[in-house]
Amino acid sequence: MNPAKTASLVVVSASMALVATHAMASVAKDSDRIINLAKVELSPELQARIDAAVAKKDVKQAVAGAFSILSTKYGSGSESLTSKYFSGNDILLAAAEPRADDFTGQGYIDVPSVTCYSNCHSACHSACHGSRGWR
Amino acid sequence: MTTLSQLIKERETFEPSSEEDYFVFGIEVDTDDVTPPRNVREIGLIAQTEGGELTNEVLDVTISYILSGIDVLVEFPAEIEIGDPRHLMATAASVNASISLLPPKELTDESFEAYCQRLEAVTSAYLKQLTMTKFVMPVTNYLQYCYTEVLDLELARSFVPEDGYVLSRFHEAMTIEQSDTLKARVRQVIVDNFGGEEGFRTFALGLMGSVAGAVETSLSEIVEERRQKAPPAGWYWLSRKADSTFAMSRFDGVSTWHVEQPDGSFLAIDTSEAGGDHILVEPVPPPSVGAPGREDGGATSPSDSPEVAEV
Numbered sequence: 002m003n004p005a006k007t008a009s010l011v012v013v014s015a016s017m018a019l020v021a022t023h024a025m026a027s028v029a030k031d032s033d034r035i036i037n038l039a040k041v042e043l044s045p046e047l048q049a050r051i052d053a054a055v056a057k058k059d060v061k062q063a064v065a066g067a068f069s070i071l072s073t074k075y076g077s078g079s080e081s082l083t084s085k086y087f088s089g090n091d092i093l094l095a096a097a098e099p100r101a102d103d104f105t106g107q108g109y110i111d112v113p114s115v116t117c118y119s120n121c122h123s124a125c126h127s128a129c130h131g132s133r134g135w136r
Numbered sequence: 002m003t004t005l006s007q008l009i010k011e012r013e014t015f016e017p018s019s020e021e022d023y024f025v026f027g028i029e030v031d032t033d034d035v036t037p038p039r040n041v042r043e044i045g046l047i048a049q050t051e052g053g054e055l056t057n058e059v060l061d062v063t064i065s066y067i068l069s070g071i072d073v074l075v076e077f078p079a080e081i082e083i084g085d086p087r088h089l090m091a092t093a094a095s096v097n098a099s100i101s102l103l104p105p106k107e108l109t110d111e112s113f114e115a116y117c118q119r120l121e122a123v124t125s126a127y128l129k130q131l132t133m134t135k136f137v138m139p140v141t142n143y144l145q146y147c148y149t150e151v152l153d154l155e156l157a158r159s160f161v162p163e164d165g166y167v168l169s170r171f172h173e174a175m176t177i178e179q180s181d182t183l184k185a186r187v188r189q190v191i192v193d194n195f196g197g198e199e200g201f202r203t204f205a206l207g208l209m210g211s212v213a214g215a216v217e218t219s220l221s222e223i224v225e226e227r228r229q230k231a232p233p234a235g236w237y238w239l240s241r242k243a244d245s246t247f248a249m250s251r252f253d254g255v256s257t258w259h260v261e262q263p264d265g266s267f268l269a270i271d272t273s274e275a276g277g278d279h280i281l282v283e284p285v286p287p288p289s290v291g292a293p294g295r296e297d298g299g300a301t302s303p304s305d306s307p308e309v310a311e312v
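Which chain is which? The protein sequence lines are G and V, in order. For reference, each letter of the first sequence is one residue, going 2 to 136 in this note's numbering. For reference, each letter of the second sequence is one residue, going 2 to 312 in this note's numbering.
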C-alpha cells in the first residue's frame, strides 16, 4: 500500500481527535514523568485536516477539560509545557491561593484545573471520570 | 431492562448520591414523551429499527435529549439490524449521538463471527465519517487503546479497563480469546486505513502533537493576556495588605517591582509576590531626579480618597 496515497485519503473527524485527547489524558494521569511526543512529518494536507479536527468545538472542550494534566505532563525533555510558560514560583503561588485581586495580573495563573462540574460533558468525561479505553 | 417512562417517573423524586447515578443505560423507548428525565447526564437508549433505520420514536427522543444537553448513546443489541453502517454513522453524526454495538447475548461461533463482521464494517465506516463528533463503542474504546500504545507501550501493556460501561457491556461479555480476536480484526481495519502500523503510528503522533500544540497555544495566550492586564511601567502607590502601610514603588513593566522599604531603600520584588501582598492605590508621576527614590521629588502621599486602580 502506498503510504502517501493512503495519507491523502485519510479522513480526520473530531471524534478521532477526541479519542486521542482522552488517551493523552489517561496516560498523563498514570505517568510520573514528562511525556515527550516524537515529532513526525506529515503532508501539509493531512496536517491541515488534523488541525481542523482539533479546532472543532467538542475537541476544544475536551482539551480544556484536561488542560491542567495535559499542560503539566506533556512537554520537551524534562520541562512541561506549563514550566515553559510559567516559572515554578508562579505555579506554586497559584496552587497555594487563588488571588483574584492581584493587580499585577501575574501572581494568579488561572490554568484551568481538572474539576468535574455539575453538568460534566462527555467531551471531557475521561478527564473527570477515567478512561473508557478497552484493551 | 428499564423503560423510558419508568425512568422519567423514577427520576421525579430520585436524588443522585454519586457520579454514577447521573449515567443510565439500557433504556427502552416506550413513550413519545420527549421531556428529559431529571438528573441524567448521559443516557443509553436501546435502538429500535425498521428496515435498518432508527425508528422515529428513538430518533425524536435522541434529538430532544441531545438538544437539552444530555449525552445520548444509542445501543444496538446484536439482533437489531443496523442497515448500511455508512448511513448509521451519518445519522449518528448528524444528531451528535454516540453509538454502542453490543455483543450477542449468546455467543456461538456463528453469532461471534457475525459480530466481528459487524464491527469491521462499522469501524471502516467510522474512519470515513468526517463529521463524527461522538463515540462508536467498542471501536473508539479500542482506538483509544491504540493511541495509548503509541504514547507509552509499557503503560499500555498494563492497561486495565476501568469504566463501568466498558466492563459490563464488552469486557465481561466475552472470553479473553474472543476479545483478543475481535480487537485484532478491528485493529486490522484501523491500520489498513492508515497504510499499515507505521502509518497509523505516524498519524497518531501527528494528531496528538496537534492536541499538545493546542494546549501550548492556550498557554501562550494566557501569558499574553496576563501581560496585557499588568499595569504599564511607571511609579505607583502600593498599600501593603499586611499592615495597610503605603509604599512608593516603581514597576519595570515586565516582572519586577521596586518597593520602597522603611529605611528608604528599594527592594526588588517579583511581580507575582508584589501582586499577592499589595493593593495598587494609584499611579503617580515619576520623581524628578534620581530614580529609584522618592526623596528627590514626586508624590509624597497617596490621594485623600485613594481609589484602587484597575489597570
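Yeah, the Cβ is synthetic: ideal placement off N, Cα and C, and Gly gets one too. Fair warning: this is a prediction, and the values are worked out from it, not measured in the lab.
| message | Could you compute how far the alpha carbon of Ser-18(V) sits from the alpha carbon of Glu-43(V)? | response | 16 Å
- Item | Span separating the alpha-carbon of Ala-122(V) from that of Tyr-116(V) | 10 Å
Would you tell me roughly how many angstroms separate the C-alpha atoms of Val-11(G) and Met-17(G), rounded to the nearest one?
11 Å
- Given a threshold of 16 other Cβ atoms within 10 Å of its Cβ, counted over all protein chains shown, does Ala-63(G) qualify as buried or as exposed? buried
Exercise. Nearest CA to the CA of Gly-207(V): which residue from Ala-26(G), Ala-15(G), Ile-35(G) and Val-41(G)?
Worked result: Val-41(G)
For Phe-77(V), return the contacting residues in chain G, with the cut-off set at a CB-CB distance below 9 Å.
In chain order: nothing, as chain G lies at least about 17 Å away.
Notebook entry, point to check: Relative to chain G, which residues along the stretch 110-133 of chain V have a C-beta separation below 8 Å, given in chain order?
Noted result: Tyr-127, Leu-128, Lys-129, Gln-130, Leu-131, Thr-132 and Met-133
- Would you mind stating whether Ala-174(V) and Pro-104(V) have Cβ atoms separated by less than 8 Å? yes
Notebook entry, point to check: Are three or more beta carbon pairs between the stretch 53-67 of chain G and the stretch 238-250 of chain V nearer than 8 Å?
Noted result: no
**OP:** Alpha carbon to alpha carbon, how far is Lys-106(V) from Asp-31(G)? Give it in angstroms, no decimals.
**Re:** 34 Å
* To do: Please confirm if the stretch 186-200 of chain V is in contact with the stretch 28-46 of chain V, defined as three or more CB-CB distances below 8 Å between the two stretches.
  => no
Could you list the residues in the stretch 36-49 of chain G with a C-beta less than 9 Å from some C-beta on chain V, going in chain order? Ile-36, Leu-38, Ala-39, Lys-40, Val-41, Glu-42, Leu-43, Leu-47 and Gln-48
| Among Val-55(G), Ala-65(G), Ile-36(G) and Ser-69(G), which has the Cα closest to the Cα of Leu-131(V)? | Val-55(G)
- Task: Would you mind telling me which residues of chain G sit closer than 7 Å to Thr-149(V), beta carbon to beta carbon, in chain order?
- Result: Ala-24, Ser-27, Val-28 and Gly-134
With a cut-off of 8 Å on the beta carbons, I'd call Ile-334(V) and Ala-94(V) a contact; round off their distance for me. With chain V running from 2 to 312 in the structure shown, residue 334(V) is simply not present.
* Report all residues from its chain with a CB closer than 7 Å to the CB of Glu-54(V); omit the five preceding and five following residues, and keep chain order. => Gly-84
- request: Leaving aside the five residues before and after Ser-180(V) along the sequence, list all residues of the same chain whose C-beta is less than 8 Å from its C-beta, in chain order.
  value: Phe-171 and His-172
Worksheet item: Is it true that the CB of Val-20(G) sits closer than 8 Å to the CB of Tyr-148(V)?
Response: yes
- [ ] Please look up how many angstroms separate the CB atoms of Val-140(V) and Val-187(V), rounded, as I've assumed it's under 8 Å.
- [x] 6 Å
query: Beta-carbon of Tyr-66(V) versus every beta-carbon of chain G: anything under 8 Å?
result: no
**OP:** Please determine, among Val-28(G), Ser-14(G) and His-23(G), the residue with the shortest C-alpha to C-alpha distance to Arg-1(V).
**Re:** Summary: the structure shown does not reach residue 1(V), with chain V confined to residues 2 through 312, and so no result is reported for it.
Reduced DSSP category for Phe-201(V) - H, G, I as helix; E, B as strand; rest coil = helix
Are Ile-51(G) and Ser-81(G) closer than 8 Å when you measure CB to CB?
-> no
- Message: Assuming Ala-24(G) and Lys-57(G) are in contact, meaning their beta carbons sit under 8 Å apart, how far apart are those beta carbons, in whole angstroms?
- Response: Between Lys-57(G) and Ala-24(G) the Cβ distance is about 17 Å, and since that is not below 8 Å, they are no contact.
- Between Pro-293(V) and chain G, is there a C-beta pair that is closer than 8 Å? No answer about Pro-293(V) holds up, because its pLDDT of 49 lies below 50 and its placement is not dependable.
Applying the 10 Å Cβ sphere with the 16-neighbour rule, what's the burial state of Leu-154(V)? exposed
**Report entry** Min CB distance Lys-74(G) to chain V below 8 Å
**Finding:** no
For the candidate residues Leu-152(V), Arg-39(V), Tyr-23(V) and Leu-281(V), whose alpha-carbon lies nearest to that of Ser-6(V)?
Arg-39(V)
Closer than 8 Å by C-beta to Met-209(V): which residues in its own chain qualify, once you throw out the five before and the five after it? Chain order, please. Tyr-148, Val-151 and Leu-152
CB contact check: Ser-240(V) to chain G, cutoff 8 Å: no
task = Can you give me the Cβ contacts of Ser-101(V) inside the same chain, cut-off strictly under 6 Å, excluding the 5 residues immediately before and after it?
result = Leu-74, Glu-76 and Met-138
Among the residues of its own chain, which have a CB less than 6 Å from the CB of Ser-65(V), if the five just before and after it don't count?
Val-35
* To do: Tell me, please, whether the CB atom of His-172(V) is closer than 8 Å to any CB atom in chain G?
  => yes
Point to revise | Inter-residue Cα distance where the pair is Phe-87(G) and Ser-211(V) | key: 21 Å
Who are the near neighbours of Lys-242(V) in its chain, counting only those whose CB is closer than 7 Å to its CB and skipping five residues on each side?
Asp-278, His-279 and Ile-280
field: chain V residues whose Cβ lies nearer than 9 Å to that of Asp-33(G)
entry: Here the premise fails: no neighbours, minimum Cβ distance about 11 Å.
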